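A.B. asks: Mind looking over this structure? Questions follow.
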Amino acid sequence: MQDFLSIHPEVAQALKQGRAVVALESTVISHGLPYPANVETARAIEAAVRAEGAIPATIAVLDGRIRVGLDDEDLERLAQPGVRKVSRRDLPLALAQQADGATTVASTMIAAHLAGIAVFATGGIGGVHRGMETTLDISADLEELAGTDVAVICAGAKAILDLPRTLEYLETKGVPVIGYGTDRFPAFYTASLPLPVDGRCDTPDEVARVLRAKWLLGLGGGVVVGVPIPDAAALDAEAVEAAIQRAVAEADAQGVRGKALTPFLLKRMEELTDGASLTANRALLLNNAAVGARIAVAYAKQKGELTLPKKVQTAKRPPGY
Ligand code: PSU
Ligand code: MN
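Residue numbers (the working numbering): 8 to 328.
Here is the structure:
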């Protein structure tokens, strides 16, 4: 493992001391936002995590190693064009070829779990794409949520996806979908579509108790915590839907498929909304980072109050325990 994984000394020390750590992804830096807003946002996200008393651990592949916790020059490097998008299936190649790679939700979850980090904050998860009946395009993020013990704090998923099917998939795989201060599944730029979540939590403590119950019970896999975009930053739902329909139709007409599809749609959304989507994206990323940090702090505190019996200690252990 040491050949492939480097944990930043600050992150390693925090984990050893049982302090709160929040994992952050890098695909949003390399493929989700334009330069230089991407690197500025990456820095601001880390600052938002620190402001809530947790340690940020941005994750990426650099020179063929999975790095958990980055320095400023690493963020700058990831913000430049040409960094490959690395999801679960791409990790072995990126490591073997000593490449640089931006990690998606799926591969960031893998790395966070290897490092022992339970909470991960990002913008939106991947999901079932519109038109999946013909393309079978379902993000590897969903399968990762099914199997990897990490909580993903996000603004739900973008409505560029088929949100009802995304929620069905998560249900089949036993992934709890929590609304943070809401009964409805947040749809990224807009606070919510009329899709219900499984349950609502109103405080970081409540979310931490759900994580603890799931993992202590030995129910592996992730949890989605959907945090609505702050009111002031939300976009008009109809304008967003019109832009989405256009972007999806263009992708179809141009034959954009596979791993290129999500970055294509994100970029077109930004152009079609005259950059309004960028401002909204930044606002929700910072908000999710702050909420994620509060949840990580609550989780670390609850963990400190519990000593696992020996039997459980040898069985599958929850992250951080
Ligand atoms: N959704 C967003 N912004 C993003 C992504 C999704 O609103 O930046 C990125 C995340 O890294 C996510 C990935 O894991 O896209 C999903 O890509 P795909 O659909 O190819 O699995
Ligand atoms: Mn896909």
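Beta carbons are placed, not taken as given, at the ideal position from N, Cα and C, and that holds for glycine.
Quantities reported herein were computed from a predicted structural model and do not represent experimental measurements.
1) Please list the terminal residues of the continuous beta strand (DSSP E) segment that includes Pro187.
2) May I have a chain-ordered list of the beta strand (DSSP E) segments no shorter than 3 residues that lie completely inside the region 40 to 75?
3) Could you tell me the distance, in whole angstroms, from the CA atom of Thr321 to the CA atom of Met8?
4) Ends of the beta strand (DSSP E) at Ile124?
5) Return the residue from the list Phe11, Glu140, Gly76 that minimises the CA-CA distance to Arg57.
6) Identify the continuous beta strand (DSSP E) that holds Gly206 and give its terminal residues.
7) Would Gly233 pass as a contact of Ile185 if the rule is Cβ separation under 9 Å?
8) Indicate, with yes or no, if ligand 2 has a heavy atom lying under 8 Å from the CB of Lys274.
9) Would you kindly work out how many angstroms separate the C-alpha atoms of Pro99 and Pro237, rounded to a whole number?
10) Helix, strand or coil: how does DSSP classify Thr321 here?
11) Could you say which of Ala128, Gly327, Lys274, Asp190 lies nearest to Trp222 if we only look at CA atoms?
12) Consult DSSP for Ile302 and reduce its assignment to one of helix, strand or coil.
13) Which residues, in chain order, sit with a beta-carbon under 5 Å away from any heavy atom of ligand 1?
14) If Val304 and Glu59 are in contact, beta carbons under 8 Å, what's the gap, nearest whole angstrom?
15) Keeping to the same chain, check which residues put their C-beta closer than 8 Å to that of Gly123; ignore five residues upstream and five downstream.
16) Spell out a yes or no on whether the region 292 to 306 and the region 154 to 172 are touching, meaning 3 or more CB-CB pairs, one atom from each, closer than 8 Å.
17) For Ala109, count the other beta carbons within 10 Å of its own beta carbon; 16 or more makes it buried, fewer makes it exposed. Which is it?
18) Can Asp259 be considered in contact with ligand 2, in the sense that its beta carbon sits closer than 8 Å to one or more heavy atoms?
19) According to DSSP, is Val135 helix, strand or coil?
20) Return the CA-CA distance between His136 and Arg50, expressed in angstroms with no decimal places.
21) Given this structure, state the Cα-to-Cα distance separating Arg173 from Ser94, to the nearest angstrom.
22) Whose C-beta lies closer than 6 Å to the C-beta of Asp70 among residues of the same chain, with five residues either side of it excluded?
23) Exposed or buried, which one is Glu151 when buried takes at least 16 other CB atoms within 10 Å?
C.D. replies: A quick look at the data gives this:
1) Reading off the sequence shown, one finds Tyr at residue 187, where the question assumed Pro. Segment 184 to 187, the beta strand (DSSP E) holding Tyr187.
2) 62 to 69, 72 to 75
3) Its pLDDT being 48, under 50, Thr321 is placed unreliably by the model, and nothing is read from it.
4) Unbroken run through Ile124: none, as it is neither H nor E.
5) Gly76
6) 206 to 208
7) yes
8) no
9) 38 Å
10) Annotation note: pLDDT 48 at Thr321 (below 50); position unreliable, coordinate value reported separately. Looking at Thr321 - three-state DSSP - the assignment turns out to be helix.
11) Gly327
12) helix
13) Thr34, Val35, Gly39, Thr111, Val112, Gly130, Gly131, Gly133, Ser146, Asp148, Lys165, Lys266, Thr269
14) 7 Å
15) Leu22, Pro326, Gly327
16) yes
17) buried
18) no
19) strand
20) 30 Å
21) One point to set straight first is that residue 173 is Thr, not Arg, in the sequence displayed. C-alpha separation (whole angstroms): 18 Å.
22) Gln105
23) buried
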